[in-house]
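Numbering (UniProt numbering), first residue to last: 1 to 307. The beta carbon of each residue, even a glycine, is placed where N, CA and C say it ideally should be. In what follows, a single structure is set out as structure tokens and then discussed.
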Amino acid sequence: MTSTQQDHIVLLVDSHFFENLPAWVTDNFTVTPGGYHDGQPSRNKLVIFADGSYLEFFNWYDKPPSLDAENLPMRFWGPKSPGLIDFAITDTTHSAEESVDTVNERLSSSHEQDAGLGIKFGKPVAGSRKKANGVEIKWKVTRPEFSQGKNTPGDELFANGRIDVPFFCHDVTPRTDRVPSLDEQKTTHPCGAIGIAACEILVPARLLTEYARVYSKILGSELEPVTGQNSYTLDIGVPQGSVHSKVVVRAAETERDIQRMQGRGIGFSDLVIAVKSANPGGETRWPLGSSGIEHTVWLDSSTASTR
């Protein structure tokens, strides 16, 4: 089993959304105040899960920083449109530097290397924010660095910037300061959510194997083709407990998926949240809405028995 773990999901929202959370959020989740990030005009609110992972509602309350501001790793989210834009992984047993060295070694070794996609990871960058009670939380973020490889897709498939693989987030201060996942009041949700079941990654069908190989190296997980479907499933741990989460790399084959990939770019397309029981209609997987951001967030009770 890989030592890599789900850390958090980044859902970019506008200021109206942030200040007036819609019913699909408040009816289903307990929302915990986050804080303001140092050095840039951004803030967040959190949905914390019992497995130690969380969903971050991230908002720019003023003009985002320039893409040239190398000390601000969140700058890449500035040009993006609202919705699921990124996710973070972590390793609570290794430092940021150790984790990145290991991943870059995997991405540069063997004849496959980075599958010609032009992906490696840069150096960890320090980050911080202050909670409402004044406590300062510190971490290190390590983002991918991209180059033009022989299999790198064209810019038309990277809408408003390339974010097709996750980033790392390692705690410097105690993790429980950033993620109070031992507080049952914060991790108990009206919809019965208990953790992240899966992150789904949408990629061009012709590059499915290449992206699956790269994700396998980043996560340190074995590839598992899904029978009867054009996708690969990779295991990943969670920060708290012995349960597993998944990252599913799947080919954009339907007209809807192709249009979605062209509109939002290759990368994170759907979030699946594990819940305790099926919905009243007996469905074991269902979206939180029929359109908008909520159509990309799913609840799934089929994994509850393994948690």
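Unbroken beta strand (DSSP E) run spanning residue i, endpoints
i      : result
Glu56  : 54–60
His170 : 167–171
Glu145 : 144–146
Val25  : Premise fails: Val25 lies in the alpha helix (DSSP H), 23–26, not in any beta strand (DSSP E).
Asp270 : 267–275
Thr233 : 231–237
Val103 : First-last for Val103: 96–108, but that is the alpha helix (DSSP H), not the beta strand (DSSP E).
Ser42  : 42–48
Pro287 : 285–287
Leu67  : Counting along the chain, Leu67 falls outside any beta strand (DSSP E), and DSSP gives it neither H nor E.
Asp300 : 297–300
Neighbour-count burial assignment, residue i, 16 or more Cβ in a 10 Å radius
i      : result
Ser221 : buried
Asp114 : buried
Gly265 : buried
Leu207 : buried
Thr176 : exposed
Pro124 : buried
Leu107 : buried
Gly282 : exposed
Leu67  : exposed
Pro280 : exposed
Ala23  : exposed
For residue j and residue i, believed in contact at Cβ under 8 Å, the rounded distance
i      : j      : result
Phe87  : His8   : 7 Å
Pro82  : Ile218 : Their Cβ separation, rounded to whole angstroms, is 26 Å, which puts Pro82 and Ile218 out of contact at 8 Å.
Gln5   : Thr92  : 6 Å
Leu223 : Met261 : With a Cβ gap of about 21 Å, Leu223 and Met261 do not count as contacting.
Leu117 : Asn151 : 5 Å
Ser181 : Ile48  : 5 Å
Leu11  : Gln40  : 18 Å between Cβ atoms; not a contact.
Pro287 : Asp27  : Wrong, their Cβ atoms sit about 14 Å apart, outside the cutoff.
Gly35  : Arg129 : 5 Å
Ala193 : Phe29  : 7 Å
Bridge partner(s) assigned by DSSP for residue i
i      : result
Ala252 : Pro204
Leu11  : Phe57, Leu84
Arg129 : His37, Ile137
Phe121 : Pro144
Lys217 : DSSP lists no partner for Lys217.
Asn224 : The sequence shown places Glu at residue 224, not Asn. Thr233.
Ile196 : Ile273
Ile89  : Gln6, Phe168
Pick from the options that is closest to residue i, judged by C-alpha positions
i           : options                        : result
Gly127      : Val141, Pro174, Asn160         : Val141
Arg75       : Val172, Ile163, Cys199, Ala197 : Ile163
Cys199      : Leu84, Thr2, Asn59             : Leu84
Leu271      : Tyr36, Leu55, Gln40, Val13     : Leu55
Trp60       : Thr254, Gly228, Phe18, Val179  : Phe18
Ile236      : Gly228, Gln229, Val226, Val248 : Val248
Glu156      : Gly263, Ser42, Arg129, Pro190  : Gly263
Pro174      : Trp24, His37, Gly52, Pro41     : Gly52
residue 314 : Ser3, Thr296, Ser95            : There is no way to answer for residue 314, as the model of the chain reaches only from 1 to 307.
Ile89       : Trp139, Ser302, Ile194         : Trp139
Ala274      : Ser290, Arg250, Ser302, Phe268 : Ser302
Asp183      : Ser42, Ala50, Leu288           : Ala50
Gly132      : Arg43, Glu70, Phe58            : One detail in the question is off: residue 132 reads as Ala in this sequence, not Gly. Cα-wise, what sits closest to Ala132 is Arg43.
Ala251      : Pro64, Glu210, Asn279, Ala205  : Ala205
Val214      : Lys120, Lys130, Phe168, Phe268 : Lys120
Ala197      : Gln229, Thr227, Ser245         : Ser245
Gly134      : His111, Arg178, Pro166, His94  : Arg178
Thr233      : Gln240, Ser242, Ser216         : Ser216
Ala278      : Leu299, Gln259, Ser269         : Leu299
Glu136      : Ser290, Val31, His37, Val238   : His37
Pro153      : His111, Gly195, Glu210         : Glu210
Extent of the continuous alpha helix (DSSP H) run through residue i
i      : result
Phe185 : The question names Phe, but residue 185 is Gln in the sequence shown. It spans 184–187 - the alpha helix (DSSP H) in which Gln185 sits, taken as one unbroken run.
Arg175 : 175–178
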